[in-house]
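Participant:
Number of protein chains: 2
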Amino acid sequence: MLKRTPSLTEQAKLHIKQMILDDTFVDGRIPAETDLAIELGVSRTTIRDALSRLEGEGVVMRKQGAGTFINEVGLQIKSRLDEIWSYEAMLADHGYEASVHILDHVIRPAPKDVAEALDIATDTPTLEVKKLFLADGKPVILVYNHIPAHLLSGDYTDGDLQLPVYTFLWEFGRQQINHYLSEIVPVLATGDLAHHLAVQPNTPLISFHEVGYNDDNQPIIKSTSCFRDDLMRLRLIRRQIIK
Amino acid sequence: MLKRTPSLTEQAKLHIKQMILDDTFVDGRIPAETDLAIELGVSRTTIRDALSRLEGEGVVMRKQGAGTFINEVGLQIKSRLDEIWSYEAMLADHGYEASVHILDHVIRPAPKDVAEALDIATDTPTLEVKKLFLADGKPVILVYNHIPAHLLSGDYTDGDLQLPVYTFLWEFGRQQINHYLSEIVPVLATGDLAHHLAVQPNTPLISFHEVGYNDDNQPIIKSTSCFRDDLMRLRLIRRQIIK
DNA sequence: TAGTGGTCTAGACCACAAA
DNA sequence: TTGTGGTCTAGACCACTAG
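Going down the list, the sequences are from chains B and V. Throughout the first sequence, residue numbering follows the numbering used here, covering 3 to 245 in sequence. Throughout the second sequence, residue numbering follows the numbering used here, covering 3 to 245 in sequence.
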């Protein structure tokens, strides 16, 4: 019934999610795990893994002894903070036409805070890129990226800077971002920031201060982002973890 | 070796985490899953589930073909946004002496926004509680909770309002909060807010606008919280989800 | 009491990394 | 080549919910 690659679990997840979106389960109830396993021709374990992922995404809820049910509220939410990987995709999920402007880029010695975050010596040459994301032409996210120059091959063009940062890092540095460690910081839109995001000065904004790590747990990028809250409201599902 | 309840997986998780904290694995490398399974007397599946949870908490990193390694950076972080369940516990995790002040509480008809969020008729009697959390005596979180009065038995005292909200809801309403759906909103500290949190007026702050749902996916509480960023910096681990 | 999800096992095979 | 984590199976038993 299903082939390998991507994993059976992932395929089962997508299959079930599609059935949900197609209103296959009219009463909001999802078939029993054993039934799904038979229907998709995989083991119950695989189905359970798939349902666990969907539960984590807020798509379904499970109740022991009762069944598994569609989570209508969770199904609607976009821009989950913990699922953002590229701003391009995030804006597209919202139905916006996303575009990117490179406002500035330069290689210069790393200032102290950047050097500390990236665990490099102060003054190590670092690529600094200032990007503005637009949604349907309206400015919505302003991003500063700092990447140690020695990680990059250097043969990129100005146009390449418009690539999603994880693509850029892979193409020109053979680096993969495994995860980000992010701090959420409130800021005031002053001068430059207010100008680029086209908001009134002293508007309160959310910013991310984050460091991206590669598969070897080495910091490879420092990133600071500011969001226009009215166009891009950040959301999150919080659960109790005790089990 | 291990008993049931809590689950073997959870016990294995805690056991491994404790070994990590005890510096049992001096080189930052965690034994192979099969070895851990033998050592703890459980199946490899159980060990894998335990390690998956630790990976989710940022405690370890896994590399296919290479091994499982301690994530020193992730091990340090506190106040992970997606793991907050009670502010009392969160403050305690930070090493603060936590205390709670009930600033105000009243039962009155639900205003429009509360009624909509809780899916009840406008004017439904609703308990409104205004709480201030202090860390080592310093004000740090201001919370407004709204709970429909008909969910509560009503025989609580003023002192009971100081209980963590999930305890209060269980004791006096037999309701369990399954999850919250939260929005992260930037705000300015004006008047009342600035006063209670003891910050300068117009300081930018992070606020949560959230709704708590019970096991039947019914909204049972609307909650708004504001944080003093200097005392309580919110953090998050973001991963790529493709698998 | 019947049916559901929750936990756990033992074992198989695969993909990948390091020596 | 060896050893690691990644995926998947088939089956067992438990805990819980609902009729």
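The C-beta atom is built at its ideal place from N, Cα and C for all residues, glycine as well.
Is any heavy atom of the ligand GDP found at a distance shorter than 7 angstroms from the C-beta of B:S101?
Facilitator: The ligand content of the structure shown is nil, which means the ligand GDP is not present either.
Participant: For V:Y215, I'd like the list of residues in its chain whose CB is within less than 8 angstroms of its CB, leaving aside the five on either flank, ordered along the chain.
Facilitator: Here the set comprises I179, N180, H181, Y182, L183, P221 and I222.
Participant: Say whether the segment 223-236 of chain B touches the segment 142-158 of chain B, bearing in mind that this needs 3 or more beta-carbon pairs closer than 8 angstroms, one atom from each stretch.
Facilitator: Yes, they touch.
Participant: Just the chain V side, please: which residues come within less than 7 angstroms of B:H181 by C-beta, in chain order?
Facilitator: Residues of chain V passing the Cβ test: I239, R240 and R241.
Participant: Taking the C-alpha atoms as reference points, what is the distance between V:D121 and V:L153?
Facilitator: The alpha-carbon atoms of V:D121 and V:L153 are separated by roughly 13 angstroms.
Participant: For V:A151, which option in V:F174, V:V142 and V:L134 has the closest C-alpha, if you only look at C-alpha atoms?
Facilitator: Measuring from the Cα of V:A151, the nearest candidate turns out to be V:F174.
Participant: Run the CB neighbour count on B:P203, radius 10 Å, all protein chains shown included, and call it buried at 16 or more, exposed below.
Facilitator: So B:P203 ends up on the exposed side.
Participant: Mapping the DSSP letters down to three states, classify B:F27 as helix, strand or coil.
Facilitator: In this structure, B:F27 counts as coil in the three-state DSSP scheme.
Participant: So is B:V108 buried or exposed if we call it buried at 16+ other beta carbons inside 10 Å?
Facilitator: It is exposed - the Cβ of B:V108 has fewer than 16 other Cβ atoms within 10 Å.
Participant: Assuming B:M234 and B:I104 make a contact with CB atoms under 8 angstroms, what is their CB distance in whole Å?
Facilitator: No, B:M234 and B:I104 are not in contact; Cβ-Cβ is about 20 angstroms, not under 8 angstroms.
Participant: Of all the CB atoms in chain B, is at least one closer than 8 angstroms to the CB of V:K80?
Facilitator: False, the Cβ-Cβ gap to chain B never drops below 8 angstroms.
Participant: Using a threshold of 8 angstroms, state whether the C-beta atoms of B:F71 and B:G97 are closer than that.
Facilitator: The answer is no: Cβ separation not under 8 angstroms.
Participant: Does DSSP classify V:A94 as helix, strand or coil?
Facilitator: In this structure, V:A94 counts as helix in the three-state DSSP scheme.
Participant: CA-CA distance, V:T26 and V:H17?
Facilitator: The alpha-carbon atoms of V:T26 and V:H17 are separated by roughly 11 angstroms.
Participant: Looking only at its own chain, which residues have a Cβ that is under 7 angstroms from the Cβ of V:T36, when we skip the five neighbours before and after it?
Facilitator: R46, listed in sequence order.
Participant: Going along the chain, which residues of its own chain have a beta-carbon closer than 8 angstroms to the beta-carbon of B:R124, five neighbours each way excluded?
Facilitator: Per the sequence shown, residue 124 of chain B should be read as Thr rather than Arg. Excluding residues within five positions, the ones whose Cβ falls inside 8 angstroms are P111, A112, P113, K114 and A117.
Participant: Which chain V residues are close to B:L190, counting only those with a beta carbon under 7 angstroms from its beta carbon?
Facilitator: Within 7 angstroms Cβ-Cβ: P206.
Participant: Using the C-alpha atoms, what's the distance from B:S9 back to B:M3?
Facilitator: At B:M3 the pLDDT is 46, less than 50, meaning the model places this residue with poor confidence; the figure from the coordinates comes in the next sentence. C-alpha separation (whole angstroms): 13 angstroms.
Participant: Quick one: Cα of B:L165 to Cα of V:R230, how far?
Facilitator: Taking the straight line joining both Cα atoms gives about 36 angstroms.
Participant: Compute the Euclidean distance between the alpha carbons of V:D232 and B:G161, then round it to the nearest angstrom.
Facilitator: If you take the alpha carbons of V:D232 and B:G161, they lie about 39 angstroms apart.
Participant: Identify, in the order they occur along the chain, each residue of the same chain with its Cβ nearer than 6 angstroms to the Cβ of V:P127, setting aside the five sequence neighbours on each side.
Facilitator: Excluding positions up to five away in sequence, the list reads I109 and A151.
Participant: Quick check: the Cα distance between B:Q66 and B:Q177, rounded to an integer number of angstroms?
Facilitator: Cα to Cα, the separation comes out at about 43 angstroms.
Participant: Just to confirm my understanding: we take V:S209, look at its own chain, exclude 5 residues before and 5 after, and list those with CB closer than 7 angstroms. What are they?
Facilitator: Here the set comprises V187, V189, T226, S227 and C228.
Participant: Would you list the residues sitting across from B:L183 in a DSSP beta bridge?
Facilitator: The partner list for B:L183 (beta bridge, DSSP) reads B:V213 and V:I239.
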